[in-house]
C-alpha cells in the first residue's frame, strides 16, 4: 500500500498542522537534517520529524511518551533506550503486505510517510481494557501459566490458549505474501570490525592503514556510536568531527568496506559470521531491483569485537513508567537528535557517568530538578555543578517509586535518612553502570567473566581469532576505546601478515566512570520491573527463589526473564544480581544463561533470500524441454528435475485419457520418453569390473563387452540402495545408470567404496548425467523408427543387436551416440544417448523418423503405468526398508563374491518368511479404483496394527487390462496368489476387496522384449 | 564451519556432507564374519574430544576426507584425503 496515498486520502480526518508541532525539539543542534522535514503517522495521528530521526526520537520531539502497552499487565510503556536493546517501545510498522510487528522504535529510521502503530492494546493505547490484568497481578506472577492452566487438558486448546493469545500477543504479522526481495551475499576479509563506535573506528583505521582487507559493520545508519550521543573531544576536534574524518579516511581506502545499517547477529565456527544489512528498511518501498534486506555470510581471519555496552536500569517501583529512561539514552536524544526527553528532568545515578546528563540537559535548555546519587558521598565539584544548574542533590538516597498515569509526573525519593518526598518531573534519567555486550563473544558456547572493577561481565575466553576493544571489552572510557581499538586493530592486521601502520595519539577530555551499582532499591514503592518486555518484576524473581527455581537457567524459564524479543539485553544482569542477593552468592557464582544467535531478531525472509516459491531450488530441464513445452506438456517436479508428466491432446477430457493414449500407442506402435534424468556414471580402468562386482549384489563377471545387465545395489546394512543398469562398452569401460532420485547418492556411494573401502582399485569414474541426453524409444515399431536416425552401417536388427545389447553408434551423420537395448516398458525398446547439446535435435529427428509409424511422446505418468504393468520395482517399493528378497530379486543375488550388504541382508529379521513381499493386486470389482498407501487386512479382520499385513505401494489404471492394478508389499505375498484381502484406506475413506496376483500384469513370458 | 580441503583449499561447510566415525574398518572378503560386519555397520564411539571422521566434498572435488575435529570445540586439526588414509593403514595389502 502506498503510504503517500494514505496521507492524501485519509489525512483530512486529522487537523492539518499549521506549522511544526515538535514542542520538545531544541532550537538548534543535533545531527538531524533540519532542512529535510518529514511527516509520519503514529496510531493515525500526523506527526513530523527530520531526516536523521528515529521513530523514537521523532515521537519524543512531538511529546509522545506513551508508545505501547506491556506484554502481560498491559501497563503503559514509553521509550527506555536509544538503541537496539529497547524492550518497551515495540511498534508495528507499515501496513498491508509490508506490515511488520515488534519493531523497535529506537532503531526504526524515520522516512516520509512512515506509518507506525502501538501494539498490545485494546481498544486503544490510552484506554486499554486489559489493563485490569494489572489489578490481577498476583495471579500473573511467575509460573502463572504452569500453575493455572494445567487442567482440564481439554480446556487448553478451546479456552486457555485463545484467551492468553489475545491478552498477551506481541503485534500482528502481515497476512499477505511479502512483496519485497531479500538478498544473500558472501564476503571475505582479513579483519572484521564489529561496531563503528570510537573503538571500532580506531580498529578499522589501524587495520586499514596497514593495507589489510577490512569489513566494518555497524547496526546504526550513521557510524560513530556513543561519539554521536555525547559532547566529547577527541584530540583537537569534537568527537563527531573526529568520527566524520575517520569515516572519510576509511572510505578512501580501497580495501575497506563499510557496512552500515548492518547487524552482526551471529558468530560461528572457524571465523564465519552472520550479518543482516537493512538495505531499504529506511525507505517506504525498496527502490526497483534493490532488496529489502541482505544477509551477509562473512568469513574473516581476525575479528575485532567493538560492539560497545548497554546501560543498566535501576530496579525501583514504577520504573517502567513512560518518562523513565536510561541516562545515556537521554543524552542521545539531547545531543544527537536535538530532542528534550522532558522539561523537568531528574537524574538517578550510581556513578559519575550519570552526572554527564546534568550539563547536557542544561545545554539543551531543559531543567534538571534533582540528582539522586545512591552513593553516600558526592564530590564537591559535582555538587557545585548541580547547584549552579539549580538542581537539588540527594546523596545516599534512591528513587523508590514514580507517579503519573500514562506518563511520569513525579518521583518518590527516599533520602539517606529514610525520609521520603515527592519531586515533580517529567523525565527520569537512570544511570546504573554499563554492561559490555558479551553476546557475540559468547555465541560459541563460551561464558563471560566477571570484572569486579566495572561490576559487569566482560568477554571470557574469546573465540579463536577474535579480540575485544573498547566498551565491549570492559574498557569503558573514551580514551580507552580509542587506544584499545587502535591497538587490537593494528595487531589483527599484523597477525594477517600486514606491517603495522603509524598510529595517531589522541587525547580526550577528562572522564570519570567511577560507580557503585545499586542492584535494587531498599524499599520500592510499587511494582519494580527487572525485565520490561516480559513484565518480570523483582517479586517474580523472589517467588522463583522461594519455589526453588534458583539455578540461572531455571530462573529464566520459570519467570521468562530474558526470553522476549530483546533477549534480556537490559534485564539479564538485573535478574542475576537479585538472585545473587537472595541466595547469598556473588553475581559471577550465579552465572549467566547461554547467549545464542541472533543478537537481534532477523526476518526469516533474510535467511531465505531469493529461495522462495519457484526459486526455492534450481530447476533442471530435460534436453527435450523446449519441444515438450511447444507441445503443451504438463510437467511434474521430480527432485530438481522438471519432467513432462503427460502430453494432453485436443479433445482429451482428463489426464487419464492422455496417459491411456500414450500407453496404448507405445504398446501398439512406438513412443519416445526423455529418460535423461537417470543418473549416468562412466566407470573406466583396469579394476572397473572389480569395483562394479563389489557394489552390485548380482554377478557381473560374465558380462561380455557389448552387453548390459540389470543391477541391484545394496546398502551395507542389507537393504536395497537403488537399481539400474550396467552396460559394458569396452573391456575396461562401463556405464552405470541409477534412478533419478538416487543419482547423486549412488555416485557418492561409489566414490566412498572406491576412495575409502578399496583405494587400491585402479579405476576412475565420473558422473555424465548432464553430458548425455538419453531417450527411451519403445514399442513394436521402435526399431523401424530408430533406423531412420542411426547412421547407415550400424546393424540394429534383432540378430546383430539383441535384447540387452549395447554399442557406440553415430546418428545424424557422425554424431557420437550410445545405444542400449533395454526396456522399462516391457516392449521392444532402446535407449539412445546423444551428447546433451544434440539432445533437442535428436529428439526432433526421432519424432520425425517415427511419424510414419505413429510415434507418440510419453511422459513420466505413462512410463509409470507401464512399469507397474510389468511389475518393476521403483521408488515406492525401493523405500529404504525393502530387501532384494522383498522385491522378488532374491534369486539373482550373487553367491560367490563379496559385495556391499552381503552379510547384513542375511540377518534373521531380513530373511523372515513372514516379511511383506512384492505382489500384484487387482480389485475384485474391476470397476473400483485402487489407492496407494492402503493397508492390507485379512477379510473380516478389523483394522489394527496387529492385523496389518502390508500396504499398497503403487497403483495405476492399466489401459492394457482396462482396470486398476496395484503393486504392494504383502506378508508371504507370493504364496497367496488368488487369495483376497481388504485394501483398507481410512485416510480416503476407502475399503475394498482386492485379489492377490503376480506383479507382472502384461506379457509375463517377455515375448515382446526380444523380437 | 570451514574445512580446508586438501585439493580445493578452505571451503564453507555447506559444500561438504558428513558421514561419521572413520575408525571402523570394513571386514572384506567371503570369509568375513557377520558379527564383525555388524560391529562395522553399527558400533561407533562418541568421544568428547578429538574425533577422526569422514566427510564428502560433494559440491567440490568429490573427495572423501578424513577430518580430525575436536567435538567439544569444533577445532579441526587435520584434513586428509580418505584414500591416502585408507592406503596408509594397510600397507602392502592389495585391496
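Residue numbers (the UniProt record's numbering), protein chains in the order written: chain A, 1 to 1011; chain B, 1 to 95. Built from N, CA and C at the ideal position, the CB exists for glycine as well. Since we're looking at a predicted model, the values are computed, not measured.
- Between residue 373 of chain A and residue 402 of chain A, the gap from beta carbon to beta carbon reaches 8 Å or more.
- Only 269, 270, 271, 272, 297, 299 from the stretch 269-299 of chain A bring a Cβ to less than 9 Å from some Cβ of chain B.
- Beyond the five residues adjoining it in sequence on each side, residue 447 of chain A comes within less than 6 Å, by CB distance, of 460 in the same chain, given in chain order.
- Going by C-alpha positions, residue 814 of chain A is about 28 Å away from residue 630 of chain A.
- For residue 7 of chain B, there is no enclosing beta strand (DSSP E), since its DSSP letter is neither H nor E.
- By the Cβ rule, the stretch 483-498 of chain A does not count as touching the stretch 530-544 of chain A, because fewer than three pairs are nearer than 8 Å.
- For a Cβ distance threshold of 8 Å, residue set 744, 748 of chain A lies close to residue 58 of chain B, ordered along the chain.
- Neighbours of residue 64 of chain B in chain A, taken as residues at a C-beta separation under 7 Å, are given in chain order as 751, 752, 755, 756.
- A straight line joining the alpha-carbon of residue 79 of chain B with that of residue 64 of chain B spans about 10 Å.
- Listed along the chain, the chain B residues whose CB falls inside 7 Å of the CB of residue 85 of chain A amount to none; the nearest CB is some 29 Å away.
- Membership of residue 765 of chain A in the beta strand (DSSP E) is indicated by the continuous run 764-767.
- Sixteen is the threshold: since fewer than 16 other Cβ atoms of the shown chains lie within 10 Å of the Cβ of residue 20 of chain B, the residue is exposed.
- Of all C-beta pairs linking the stretch 667-683 of chain A to the stretch 727-742 of chain A, three or more are shorter than 8 Å, placing the two stretches in contact.
- Residue state for residue 784 of chain A is assigned as helix, using DSSP reduced to three classes.
- Secondary structure at residue 425 of chain A: coil, using DSSP grouped into helix, strand and coil.
- About 18 Å separates the beta carbon of residue 590 of chain A from that of residue 560 of chain A, a gap too long to meet the 8 Å contact definition.
- The Cβ atoms of residue 97 of chain A and residue 176 of chain A lie closer than 8 Å to each other.
- For residue 545 of chain A, there is no enclosing beta strand (DSSP E); the enclosing alpha helix (DSSP H) covers residues 538-546.
- Within the stretch 713-729 of chain A, the residues whose Cβ lies closer than 7 Å to any Cβ of chain B are, in chain order, 716, 717.
- In the three-state scheme derived from DSSP, where H, G and I count as helix and E and B as strand, residue 589 of chain A is classed as helix.
- Using a CB distance cut-off of 8 Å, residue 74 of chain B counts as an interface residue toward chain A.
- Around the beta-carbon of residue 648 of chain A, 16 or more other beta-carbon atoms lie within 10 Å, marking it buried.
- Residue 54 of chain A places its beta carbon less than 8 Å from that of residue 110 of chain A.
- Under the DSSP assignment, residue 660 of chain A falls in the alpha helix (DSSP H) whose first and last residues are 655-668.
- By the neighbour-count criterion, in which 16 or more other beta carbons inside 10 Å mark a residue as buried, residue 49 of chain B falls on the exposed side.
- Annotation: residue 782 of chain A to residue 907 of chain A spans about 44 Å, alpha carbon to alpha carbon.
- Residue-level contact by beta carbon holds for residue 82 of chain B and chain A, with a gap shorter than 8 Å.
- When DSSP states are grouped into helix, strand and coil, residue 101 of chain A belongs to the strand group.
- At least one C-beta of chain A is nearer than 8 Å to the C-beta of residue 26 of chain B.
- Contact check for residue 839 of chain A and residue 623 of chain A: beta-carbon distance about 3 Å, within the 8 Å limit, so the pair qualifies.
- Look at residue 437 of chain A here: in three-state DSSP terms it is coil, with no helix or strand label.
- Any Cβ of chain A closer than 8 Å to the Cβ of residue 67 of chain B would place that residue at the interface, and such an atom is absent.
- Under the Cβ criterion of 8 Å, residue 23 of chain B is not counted among the residues facing chain A.
- Among the residues of chain B, none has a CB under 8 Å from the CB of residue 893 of chain A; the nearest is roughly 14 Å distant.
- Under the Cβ criterion (8 Å, minimum of three pairs), the stretch 419-439 of chain A counts as touching the stretch 449-469 of chain A.
- Here residue 217 of chain A is not near residue 602 of chain A, since their CB atoms are 8 Å or more apart.
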